[in-house]
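Taking our numbering, the leading residue of the sequence shown gets 2, the next gets one more, and so forth. The structure appears right after this line, and notes come after that.
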Amino acid sequence: MFITQSTIFLFNLIGGVKMKEIINSLSVFTDGNKNNQAIIFIHGFPYDHTMWDSQVEVLKEKYFCVRYDIRGLGESPAGDGQYTMEMFVDDLEFVIAQMKLLKPVICGLSMGGYISLRALERIQDKFSAAILCDTRSEADNNEGKLKRAAAIKRINTEGLAPFAKDFITNCFGDYFKQNKKAELDKIIEKSSRFNPIGVKGCLLAMLGRTDTTIGLSKFNIPTLLICGEQDLLTPPSVMKEMFHKIPKAEFVEIKNAGHMTPIENPEDVNRAIMNFLTKAEQLRK
Ligand code: MLT
């Protein structure tokens, strides 16, 4: 069959094809029908938009799924690597405005969660619901800041690959590490090829982010918190504290998963998201 630009557009309208566009120099990817409720996914560090593949595969049937690579990671350019969390929220706001997304659901994991939390503090009325995966509202403490500094020093002296290997391995729980070794190696290999300037820029942006805890009690949209039972970076105890501060929240702990729940146990994460979105929709009616 001869596939024209308009055929691709039509495929996309009925939810068949992943599309890519460049917005404000960021690589933005969409799946599903643009007329459906939008979900905007924000990945963690040091990953890219493909960490949500298993969610989009299922959710694109009913939702317009928008993903982008955070500045400096994946296919988005590193530029000068001088990033702040505020810039990352500006990027998110720009993508939403440019794509004319009407009250999307915001869904962020870890660093994507930091961006989501600050966005909810700044522009909550732009969203209809929030999904916060494996993240925390506290800023880095002194120990955390020194770890970021050591990471930058290590990348400068040893290159990106050794840091990426150790950091990413620590993100995953025992089940994935033991049973999905080839998949884990592929993820490490991909992130090791990112631009070190972008990776270090993200470390600095996380180091300098504000504490968003105070804003949690002001959330007035349905919020789902998801956390892997073996998450070492943002453990269930930390996320449960956030859960108790957010008025319309629910908390789901994911079995057989560490910090990267959407990759480690996609079935349970998809189920939790679908159930939550169905309830959130009913609340809006
Ligand atoms: C992430 O997954 O985005 C990172 O673990 C966040 C962090 O290093 O604080």
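All residues carry an ideal CB built from backbone N, CA and C; glycine is no exception.
Item: Complete runs of the beta strand (DSSP E) confined to the region 207–234 [at least 3 residues]; Value: 224–229
Item: Leu-103 beta carbon near ligand 1 (any heavy atom closer than 7 Å); Value: no
Item: Contiguous beta strand (DSSP E) assignments of at least 3 residues, all confined to the region 9–65; Value: 20–24, 27–32, 39–43
Item: Separation of Asp-186 from Met-240, as counted between CA atoms; Value: 28 Å
Item: heavy atom of ligand 1 below 7 Å from Cys-172 C-beta; Value: yes
Item: Collapsed DSSP secondary structure at Glu-139 in the structure displayed; Value: coil
Item: Ala-39 versus Gly-73 - alpha carbon distance; Value: 24 Å
Item: Residue environment, Phe-95, which counts as buried when at least 16 other CB atoms sit within 10 Å; Value: exposed
Item: Close-in-space but distant-in-sequence residues of the same chain around Phe-12 (CB under 8 Å, 5 per side omitted); Value: For Phe-12, the predicted model reports a pLDDT of 47, less than 50, meaning its position is unreliable; a value from the coordinates is still stated below. Same-chain partners within the cutoff: Val-18.
Item: Nearest to Arg-119 (by Cα), restricted to the options His-260, Arg-137, Ala-273, Lys-104; Value: Arg-137
Item: Which listed residue (Gly-216, Lys-127, Pro-78, Gly-109) has its alpha carbon closest to that of Asp-135; Value: Gly-109
Item: Proximity test, Gly-109 beta-carbon vs ligand 1 heavy atom, cut-off 7 Å; Value: no
Item: Option in Pro-223, Asp-70, Asp-92 with minimal Cα separation from Arg-1; Value: The structure shown does not extend to residue 1, since the chain is modelled only from 2 to 286, so the question has no answer here.
Item: Reduced DSSP category for Ala-130 - H, G, I as helix; E, B as strand; rest coil; Value: strand
Item: Distance between Asn-37 and Phe-10 (C-alpha atoms, nearest Å); Value: Unreliable positioning characterises Phe-10 in this predicted model, as indicated by a pLDDT of 43, which lies under 50. The coordinate reading is nonetheless provided below. Roughly 15 Å between the two C-alpha positions.
Item: Which of helix, strand or coil DSSP assigns to Phe-252; Value: strand
Item: Per-residue burial, Ile-4 [other beta carbons within 10 Å of its own, 16 or more giving buried]; Value: Confidence at Ile-4 is low in this model, with a pLDDT of 40, below 50, so the placement of that residue is unreliable and no value is reported for it.
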